[in-house]
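Working notes, structure below.
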Amino acid sequence: MTAAGKLERVMPIGALADRTGVKVETIRYYEQVGLLPPPERSEGNQRRYGRRHAERLAFIKHARDLGFAVENIRTLLKLSDTPGMACDEAHAISVAHLDEVRDKIAKLRSLEKELERIATTCSGGVAACDCAIIEALADHGQCDHAHH
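Per my numbering, the sequence shown starts with residue 2, numbered consecutively.
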């Protein structure tokens, strides 16, 4: 086996972080909470990760990028580790998360409309105490018009 081939199968935490785009601290966190199994240790007690760690970490990262909570990822990993299990729970988790995402999108759209409304009430060029945006966001009874 070549040295390069061996390096791909066993790597320190920094190399795993570089390979997966997951920060070292986050990798350690995933180990602490049990999402990532503890790696082997070198004679110098350095963590040594293999291909299965990289694949599992890629799974976790993808799930996190999609916004899944750690506990949901734990369940999805359990299902992934036992491929013979029915995927009903995975389906339920994804549908519930999709509902949450759609709810957030609806709230963001509402927020966008309100910000558009507020932004169009002011075209700039006036004193802050006369600004419709500032007025919409706060009580400007404290602003002294006599100074302007």
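Ideal Cβ placement from N, Cα and C applies to all residues, glycine included.
Because the structure is a prediction, the values reported are computed rather than measured.
Taking DSSP's pairing of strands, which residues face residue i in a bridge?
i: M12; result: Y50
Quick one: what does DSSP say residue i is sitting in, helix, strand or coil?
i: E41; result: strand
i: V96; result: helix
i: F60; result: helix
i: C88; result: coil
i: L36; result: coil
i: V102; result: helix
i: K7; result: Any reading at K7 must be qualified, since the residue scores a pLDDT of 45, below 50, and its modelled position is unreliable; the value itself is stated next. Here K7 sits in helix by DSSP.
i: L80; result: helix
i: A55; result: helix
i: A70; result: coil
i: V1; result: Examination of residue 1 is not possible in this model, given that the chain is present from 2 through 149 alone.
Could you check whether residue j and residue i sit closer than 8 Å to each other, using their CB atoms as the reference points?
i: G51; j: V102; result: no
i: T27; j: A55; result: no
i: V71; j: L36; result: yes
Open item on the list: Taking contact to mean 3 or more Cβ pairs, one atom from each stretch, closer than 8 Å, check whether the segment 74-88 and the segment 54-63 are in contact.
Closed with: yes
TODO: Go through the segment 106-145 residue by residue and report every complete run of the alpha helix (DSSP H) that reaches 4 residues or more, in order.
DONE: 133-138
- [ ] Indicate whether the contact test is met: 3 or more Cβ pairs, each with one atom in the segment 121-132 and one in the segment 103-113, closer than 8 Å.
- [x] no
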